[in-house]
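First up is the structure itself, then whatever we jot down about it.
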Amino acid sequence: MGNQTLGGFRSLNAFVASKLGRFAASEHDFRTLFGLMFSEKDNTMFEASRGYRIEKTTYGECQQSVLRRAAALENRLEGVPAGSVIGLYLPNCREWIELFWAILACGYNPLLMNMRLDRASLYDALRSVDAKAIIIGDGPECDFSLPFVRVCDTDGTVEADSDRPFGSEVLVMSSGTSDHVKVCAYSAEEFFHIISDSVDIIKSCPAIKKHYKGQLKLLAFLPFCHIFGLVAVYIWFAFFSRTFVLLNDMTSKTIVDTIRRHEVTHIFAVPMFWNKVREEALKTIRTRGEKTEAKFENGLRIAKRLGSLPLICSAFRRFAFREVRSNLFGSSICFMISGGSEIEPAVLEFFNLIGYRLANGYGMTEIGITSVELSSDLRLLTSGSVGLPFGSVEYSVSDSGELLVRGGSTARRIIEGGSVSQKSGDWFRTGDLAEFRNGRYYILGRKDDIIISPTGENLNPLLIEEKLMVPGVRECCLVGERSGNEIKPVLLFSMKPLLDPERIRAAYDEIKARLNANGLDRQISRVLLVREPLISADEFKLNRTRIAKRLKGGEFTFIDPNAANGATGDGIDPELLTSIRSRFASALGKELSEIPVNADFFLDLGGTSLDYFGIVSELQNEFGIAFPVDSGRSLSRADEIARFIEGAVNEKLS
Numbered sequence: 001m002g003n004q005t006l007g008g009f010r011s012l013n014a015f016v017a018s019k020l021g022r023f024a025a026s027e028h029d030f031r032t033l034f035g036l037m038f039s040e041k042d043n044t045m046f047e048a049s050r051g052y053r054i055e056k057t058t059y060g061e062c063q064q065s066v067l068r069r070a071a072a073l074e075n076r077l078e079g080v081p082a083g084s085v086i087g088l089y090l091p092n093c094r095e096w097i098e099l100f101w102a103i104l105a106c107g108y109n110p111l112l113m114n115m116r117l118d119r120a121s122l123y124d125a126l127r128s129v130d131a132k133a134i135i136i137g138d139g140p141e142c143d144f145s146l147p148f149v150r151v152c153d154t155d156g157t158v159e160a161d162s163d164r165p166f167g168s169e170v171l172v173m174s175s176g177t178s179d180h181v182k183v184c185a186y187s188a189e190e191f192f193h194i195i196s197d198s199v200d201i202i203k204s205c206p207a208i209k210k211h212y213k214g215q216l217k218l219l220a221f222l223p224f225c226h227i228f229g230l231v232a233v234y235i236w237f238a239f240f241s242r243t244f245v246l247l248n249d250m251t252s253k254t255i256v257d258t259i260r261r262h263e264v265t266h267i268f269a270v271p272m273f274w275n276k277v278r279e280e281a282l283k284t285i286r287t288r289g290e291k292t293e294a295k296f297e298n299g300l301r302i303a304k305r306l307g308s309l310p311l312i313c314s315a316f317r318r319f320a321f322r323e324v325r326s327n328l329f330g331s332s333i334c335f336m337i338s339g340g341s342e343i344e345p346a347v348l349e350f351f352n353l354i355g356y357r358l359a360n361g362y363g364m365t366e367i368g369i370t371s372v373e374l375s376s377d378l379r380l381l382t383s384g385s386v387g388l389p390f391g392s393v394e395y396s397v398s399d400s401g402e403l404l405v406r407g408g409s410t411a412r413r414i415i416e417g418g419s420v421s422q423k424s425g426d427w428f429r430t431g432d433l434a435e436f437r438n439g440r441y442y443i444l445g446r447k448d449d450i451i452i453s454p455t456g457e458n459l460n461p462l463l464i465e466e467k468l469m470v471p472g473v474r475e476c477c478l479v480g481e482r483s484g485n486e487i488k489p490v491l492l493f494s495m496k497p498l499l500d501p502e503r504i505r506a507a508y509d510e511i512k513a514r515l516n517a518n519g520l521d522r523q524i525s526r527v528l529l530v531r532e533p534l535i536s537a538d539e540f541k542l543n544r545t546r547i548a549k550r551l552k553g554g555e556f557t558f559i560d561p562n563a564a565n566g567a568t569g570d571g572i573d574p575e576l577l578t579s580i581r582s583r584f585a586s587a588l589g590k591e592l593s594e595i596p597v598n599a600d601f602f603l604d605l606g607g608t609s610l611d612y613f614g615i616v617s618e619l620q621n622e623f624g625i626a627f628p629v630d631s632g633r634s635l636s637r638a639d640e641i642a643r644f645i646e647g648a649v650n651e652k653l654s
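Written out as structure tokens, the structure is:
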């Protein structure tokens with residue numbers, strides 16, 4: 001690794017210590033942070049595939065673009081008072097980073113808007129912070145009832161006045177997996193502690209700073225607007241001038257091809273991503289026959305037994321699973337983190353046993369990212385531990401088992417429902433149940449989700465649901481249903497679509513058998529089979545509060561154990577319909593015959609938002625049209641998509 005990539009220092013540790021020292025000695029404001037973020041001007045900040053070539057952007061080029069956009073933005077927002085909130089509504093891209101800093105450079109505070117949230121939630125967030133304007137892409141008209149500026153309106157040639165005061169806060173929206181969207185404000189002081197934590201991580205875990213062929217490249221998979229993407233992806237790595245690899249679309253093929261072509265070293269993602277990758281890998285292994293599958297499973301068992309012998313285990317994994325890794329991400333990957341929701345131990349085991357390093361992390365919008373399992377011990381990595389708190393924060397477990405957090409990197413202010421809570425030295429109550437054992441912290445579920453059974457037992461949904469996932473079930477959720485003055489435990493099972501009556505009955509019988517075997521049959525009031533998925537398209541984990549409300553509101557279609565769902569056809573352009581149905585089938589691992597033309601990709605077929613966005617990306621490229629931002633809600637069936645494409649293409653030609 002040349003000195004040019006390390007600010008003239010000979011080692012990464014010396015470079016990191018020097019840069020943090022300069023920030024520590026400063027005013028801890030965004031102006032100083034901006035200068036430090038872009039101080040290694042010749043380092044590559046972004047890489048993206050553009051046909052057969054790789055397009056690179058340096059930190060210096062990006063900094064100049066920030067200042068030009070800031071000058072143009074200042075003109076567009078003339079009359080908007082300094083300190084006002086400006087919404088940023090863009091997907092991950094170079095322009096997102098440039099406009100994030102341009103907003104701050106104009107003296108405004110950016111609200112990072114989650115594009116996956118519904119319009120009502122976004123409206124509420126904008127109103128709660130009294131946003132004065134919003135920056136949007138160059139597509140359809142803005143419908144947020146606010147003055148807006150398009151990305152193309154910020155193209156300019158003149159750089160902004162470098163003496164103008166910067167904004168003082170960055171506002172982050174919660175992911176929408178709680179009942180109410182919160183807006184959390186972070187100042188540069190919190191960012192200083194966040195960066196200090198990353199330095200502590202580097203010191204205690206050499207694996208996370210590993211480079212491949214002299215480069216450290218992070219896949220820009222997580223949205224920058226989300227606390228996980230903002231902190232663990234952007235802030236941690238941009239401060240030390242590492243490289244971000246941008247994705248052209250979200251298809252599985254593009255993700256894998258991008259990782260291999262750019263030799264990505266770090267991937268941070270939510271459990272849904274890791275689940276999908278594991279499922280695809282196991283499906284590929286099964287297609288190679290029983291002998292190959294048995295050999296693979298035996299290899300996993302051996303690797304697990306060797307976990308207490310790190311050197312021998314590492315050598316075995318490198319040799320035994322070389323082909324598996326080659327078919328996944330290749331050999332450049334050095335470190336991976338899962339966060340945002342619970343991840344199954346089996347998923348952690350899969351990646352760590354085949355020779356990658358996947359660690360579990362913990363954080364919230366209100367507290368930032370506060371811990372990750374940094375041990376090299378295979379047993380700890382696969383246990384589900386979230387490790388120990390970073391240096392800027394403390395953990396404590398209350399008498400009721402709730403995780404409490406306090407420290408320098410937590411949000412300065414939290415705005416929710418018209419009320420504002422200021423940061424203090426008190427503990428923040430996370431609402432998560434936790435346990436400290438074997439020198440590590442483990443997250444056990446949400447405190448609010450605990451339900452008292454008719455027998456007086458405390459029922460922890462997370463622990464119960466894991467035991468009841470039987471073949472034929474898509475998702476399982478335990479919620480409390482109010483009946484008079486009582487809260488009764490109800491189990492909902494979202495059944496996989498297109499199951500025949502025999503399979504539905506078999507699944508139901510297996511559920512009852514497991515309830516009995518685990519002593520839960522007298523503690524559950526009702527077991528309901530439903531047709532709809534329990535996780536909405538804009539979520540990546542179960543939201544039990546919303547599910548309970550949907551149950552109360554009669555939003556579920558109940559399935560009799562002897563009933564099956566049917567499907568009919570439609571007469572739209574057969575060739576186009578077949579093409580779309582084939583994409584659905586390919587993404588979901590189904591046969592074309594299993595995809596009715598009017599089946600909902602999410603509700604009927606069990607697709608995820610990751611699958612859907614991949615299909616949409618392919619169709620946009622093929623037909624040269626743009627889908628609506630909320631297409632996952634308005635265009636989720638093959639016939640709906642076909643009608644939209646026909647209309648868009650005809651409009652384009654007229």
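For the sequence shown, my numbering assigns the number 1 to the initial residue and increments by one for each residue that follows.
Don't be surprised by glycine CBs; every beta carbon is placed ideally from N, CA and C.
Just so we're clear, the structure is a prediction, and the values are computed from it rather than from any experiment.
Residue i versus residue j - alpha carbon distance
i           : j           : result
residue 541 : residue 55  : 35 Å
residue 161 : residue 226 : 30 Å
residue 376 : residue 426 : 33 Å
residue 156 : residue 69  : 6 Å
residue 649 : residue 247 : 25 Å
residue 132 : residue 310 : 56 Å
residue 655 : residue 586 : No information on residue 655 is available, as it lies outside the stretch 1 to 654 that the chain covers here.
residue 441 : residue 371 : 9 Å
residue 203 : residue 216 : 17 Å
residue 517 : residue 446 : 25 Å
Residue closest to residue i, alpha-carbon to alpha-carbon, out of the options
i           : options               : result
residue 392 : 165, 339 and 408      : 408
residue 183 : 122, 209 and 152      : 122
residue 478 : 527, 644, 419 and 264 : 527
residue 71  : 103, 41, 43 and 49    : 103
residue 329 : 257, 353 and 583      : 257
residue 249 : 644, 612, 280 and 111 : 612
residue 385 : 57, 348 and 625       : 348
residue 40  : 262, 19 and 405       : 19
residue 195 : 358, 33 and 493       : 33
residue 334 : 211, 590, 401 and 459 : 211
residue 490 : 449, 254 and 76       : 449
Close-in-space but distant-in-sequence residues of the same chain around residue i (CB under 6 Å, 5 per side omitted)
i           : result
residue 237 : 218
residue 174 : 181, 182 and 365
residue 660 : Lying before the first or after the last residue shown, residue 660 is absent from the chain, which here runs from 1 to 654.
residue 74  : 106
Local Cβ density within 10 Å of residue i, reported as buried at 16 or more and exposed below that
i           : result
residue 158 : exposed
residue 87  : buried
residue 298 : exposed
residue 529 : buried
residue 317 : buried
residue 360 : buried
residue 319 : exposed
residue 286 : exposed
residue 100 : buried
residue 176 : In this prediction, residue 176 scores a pLDDT of 49, lower than 50, which makes its location untrustworthy; the coordinate-derived value is nonetheless stated afterwards. Residue 176 comes out buried.
residue 378 : buried
residue 558 : exposed
Which of helix, strand or coil DSSP assigns to residue i
i           : result
residue 590 : coil
residue 368 : strand
residue 9   : coil
residue 95  : helix
residue 40  : coil
residue 362 : strand
residue 579 : helix
residue 472 : coil
residue 544 : helix
residue 422 : strand
Other residues of its chain near residue i: CB distance less than 8 Å, five sequence neighbours each side excluded
i           : result
residue 190 : 368, 408, 409, 410, 411 and 412
residue 83  : 107, 108, 109, 167 and 168
residue 607 : 584, 587, 588 and 601
Own chain, CB closer than 7 Å to residue i, minus 5 neighbours either side, in chain order
i           : result
residue 306 : 312, 313 and 316
residue 564 : Confidence at residue 564 is low in this model, with a pLDDT of 40, below 50, so the placement of that residue should be treated as unreliable; the coordinate-derived value is given next. Counting only Cβ-Cβ distances below 7 Å, and skipping sequence neighbours, we find 499, 500, 501 and 504.
residue 510 : 470
Any non-hydrogen atom of the ligand FAD closer than 7 Å to residue i Cβ
i           : result
residue 275 : Ligands displayed in this structure: none; no statement on the ligand FAD is therefore possible.
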